[in-house]
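For reference, the structure discussed in these notes is given below.
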Amino acid sequence: MTLDAKPLVHVIGLGSMGAILAVDLLRFADCSVVPMFRSKKRLEQFQKDSQSTVGIRKLYLKNSPLIQKKFTLSACPESFTPCAIKNLVVTTKTYQTKESLVPYLPFIDQNTNLILIQNGLGVVEVLKEEVFTDVSKRPQLFQGVISHGCFQDQGFVFNHAGAADLKVSRLPWDEGDMVQTLDDANEDMKNNELIKLFTSKPFAQEFNVKFMTYQELLLGQLYKFLVNACMNSVTAILDCVNGEMVGHCSRVFELIVDESLQVLRLAYKPLFDYEENYSGKDTYPQLKVNSVLNTMDMVKNIENIGCVINGKNSSSMRQDTLYLRDTEIEYINGYIVSLGQRFQVDTKVNKTIQEFVNLRLHLNRRRASMK
Ligand SMILES: NC(=O)c1ccc[n+]([C@@H]2O[C@H](COP(=O)([O-])OP(=O)(O)OC[C@H]3O[C@@H](n4cnc5c(N)ncnc54)[C@H](OP(=O)(O)O)[C@@H]3O)[C@@H](O)[C@H]2O)c1
Numbered sequence: 001m002t003l004d005a006k007p008l009v010h011v012i013g014l015g016s017m018g019a020i021l022a023v024d025l026l027r028f029a030d031c032s033v034v035p036m037f038r039s040k041k042r043l044e045q046f047q048k049d050s051q052s053t054v055g056i057r058k059l060y061l062k063n064s065p066l067i068q069k070k071f072t073l074s075a076c077p078e079s080f081t082p083c084a085i086k087n088l089v090v091t092t093k094t095y096q097t098k099e100s101l102v103p104y105l106p107f108i109d110q111n112t113n114l115i116l117i118q119n120g121l122g123v124v125e126v127l128k129e130e131v132f133t134d135v136s137k138r139p140q141l142f143q144g145v146i147s148h149g150c151f152q153d154q155g156f157v158f159n160h161a162g163a164a165d166l167k168v169s170r171l172p173w174d175e176g177d178m179v180q181t182l183d184d185a186n187e188d189m190k191n192n193e194l195i196k197l198f199t200s201k202p203f204a205q206e207f208n209v210k211f212m213t214y215q216e217l218l219l220g221q222l223y224k225f226l227v228n229a230c231m232n233s234v235t236a237i238l239d240c241v242n243g244e245m246v247g248h249c250s251r252v253f254e255l256i257v258d259e260s261l262q263v264l265r266l267a268y269k270p271l272f273d274y275e276e277n278y279s280g281k282d283t284y285p286q287l288k289v290n291s292v293l294n295t296m297d298m299v300k301n302i303e304n305i306g307c308v309i310n311g312k313n314s315s316s317m318r319q320d321t322l323y324l325r326d327t328e329i330e331y332i333n334g335y336i337v338s339l340g341q342r343f344q345v346d347t348k349v350n351k352t353i354q355e356f357v358n359l360r361l362h363l364n365r366r367r368a369s370m371k
């Protein structure tokens with residue numbers, strides 16, 4: 001595809017997250033980036049209407065100019081020149097992951113580095129059971145938990161609204177490998193092409209990338225997941241901005257968090273047993289798990305982070321229902337429901353929340369179709 005000796009990074013999902021990452025990779029890391037579109041039509045819109053250029057406004061910087069970057073390479077399933085994919089970033093919505101990967105499966109194998117940068121949980125289960133069923137060809141899997149905020153302006157111009165960080169770790173295929181040593185993480189930083197790129201300067205500083213063991217990432221991921229399981233779904237159902245619920249949401253959050261933690265404790269047992277098994281062992285990072293992931297503290301923190309600090313925010317799931325787009329509910333409260341089935345725990349609260357979000361979306365679509 002290219003004579004360029006630089007590492008090649010393919011990005012599936014040039015939406016908000018994909019765009020800010022792809023542009024900063026081009027600006028600050030020594031690599032070439034290839035956005036991969038869902039269809040010929042979308043590829044042509046990018047190449048012809050937008051001259052293969054993405055624009056980013058860094059809203060959090062005063063007087064920041066529109067940053068524009070041209071991508072000399074781009075593809076879609078029909079135009080992809082057969083070649084092994086070495087580094088693949090997936091920034092589609094969770095429910096789009098399988099469909100987006102299928103066209104490229106012949107070019108992905110155990111030498112491919114694949115990183116998922118998405119909210120929610122449950123995608124790895126889909127990859128295991130429905131996408132990479134041949135264990136010997138499973139890619140090297142990584143997870144990114146992103147706290148940057150971004151929304152699309154128009155065309156391929158995006159507003160990077162909040163700069164925070166991108167936490168990354170190797171994502172184990174096998175649940176038995178949930179705990180990693182600090183040496184495991186260092187090994188990837190030294191020898192894995194994608195992780196070397198992600199942790200290289202100046203990119204790592206500009207995008208605030210932190211590479212860590214899986215258990216460290218998982219603690220942050222479950223924390224963020226519980227925030228989303230309350231804030232995203234409840235604001236979507238009620239059709240409100242976050243701050244409107246302040247002072248009146250702790251009871252419903254308590255029901256969601258308490259039930260979610262019951263199943264998460266079973267599904268991620270090695271994390272919840274971590275302090276007992278690994279505290280004081282110097283090849284493992286020290287983590288406080290149970291004093292962070294407990295119902296009463298989480299409810300207090302979610303109300304404060306969600307409704308007070310981000311009081312003016314309209315959650316992404318509420319926005320999805322307002323703009324009549326599918327939501328990620330199956331990978332948030334719906335994930336708890338599927339874990340409940342697996343571990344035989346009753347998850348009535350999360351099931352009800354999931355059904356109400358789907359009903360809200362149905363209602364909004366129905367009302368829009370009658371106008
Ligand atoms: N936006 C944020 O501030 C934010 C913050 C934290 C986490 N996240 C998480 O990050 C993930 C991505 O969110 P986002 O906001 O970036 O979503 P997004 O703007 O909707 O971007 C998703 C992109 O994936 C593309 N896509 C879908 N199916 C595809 C396929 N089969 N092949 C190629 N491309 C495909 C879409 O293309 P089309 O335009 O053709 O549909 C779209 O450009 C989500 O899990 C979200 O929860 C987002």
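For the sequence shown, the residue numbers in UniProt numbering are 1 to 371.
Glycine is no exception: its CB is placed at the ideal position from the N, C-alpha and C atoms.
Less than 8 angstroms divides the Cβ of residue 293 from the Cβ of residue 261.
With fewer than three CB-CB distances shorter than 8 angstroms, the stretch 109–129 does not count as touching the stretch 34–44. The alpha-carbon of residue 158 is positioned some 8 angstroms away from that of residue 20.
Looking at the DSSP output, residue 211 shares a beta bridge with 168. Relative to ligand 1, residue 321 has its C-beta separated by 7 angstroms or more from all heavy atoms.
Under the 8 angstroms Cβ criterion, the stretch 101–113 counts as touching the stretch 138–153, having at least three qualifying pairs. Relative to the Cα of residue 301, the nearest Cα in the group 274, 226 and 350 belongs to 226. Relative to residue 77, the option among 186, 100 and 64 whose CA is nearest is 100. A distance below 8 angstroms separates the beta carbons of residue 120 and residue 94. From the listed residues 249, 59 and 323, the smallest Cα separation to residue 367 is found for 323. With a cutoff of 7 angstroms, residue 122 does not count as near ligand 1, since its C-beta is closer than that to no heavy atom of the ligand.
Secondary structure at residue 361: helix, using DSSP grouped into helix, strand and coil.
Here the C-alpha atom of residue 233 lies approximately 33 angstroms from the C-alpha atom of residue 66.
The beta carbon of residue 53 sits closer than 6 angstroms to the beta carbons of 68 and 70 from its chain, once the five residues preceding and following it are set aside; these are given in chain order.
At least one heavy atom of ligand 1 falls within 7 angstroms of the beta-carbon of residue 152. Per DSSP, reduced to three states, the secondary structure at residue 94 is helical. In this structure, DSSP gives residue 106 a helical state, which the three-state scheme calls helix.
Secondary structure note for residue 242: it is in no alpha helix (DSSP H), with a DSSP letter that is neither H nor E. By the Cβ-count criterion, residue 303 is buried, with 16 or more other Cβ atoms from all chains shown falling within 10 Å of its own Cβ. Counting C-beta atoms within 10 angstroms of its own C-beta, residue 191 has fewer than 16 neighbours from the protein chains shown and is therefore classed as exposed.
Residue 345 is a Cβ neighbour of residue 266, given a cutoff of 8 angstroms. The C-alpha of residue 85 is placed about 27 angstroms away from the C-alpha of residue 150. 312 is the residue among 15, 312 and 327 whose C-alpha sits nearest the C-alpha of residue 240.
For residue 119, the shortest separation between its Cβ and any heavy atom of ligand 1 lies below 7 angstroms. Considering only 26, 278 and 231, the residue with the shortest C-alpha distance to residue 319 is 231. In the DSSP annotation of this structure, the continuous segment of the beta strand (DSSP E) that includes residue 57 starts and ends at 53–58. By the C-beta density criterion, residue 169 is buried, having at least 16 other C-beta atoms within 10 angstroms.
Two segments are said to touch when three or more pairs of C-beta atoms, one from each, lie closer than 8 angstroms; by this definition the stretch 328–335 does not touch the stretch 198–217.
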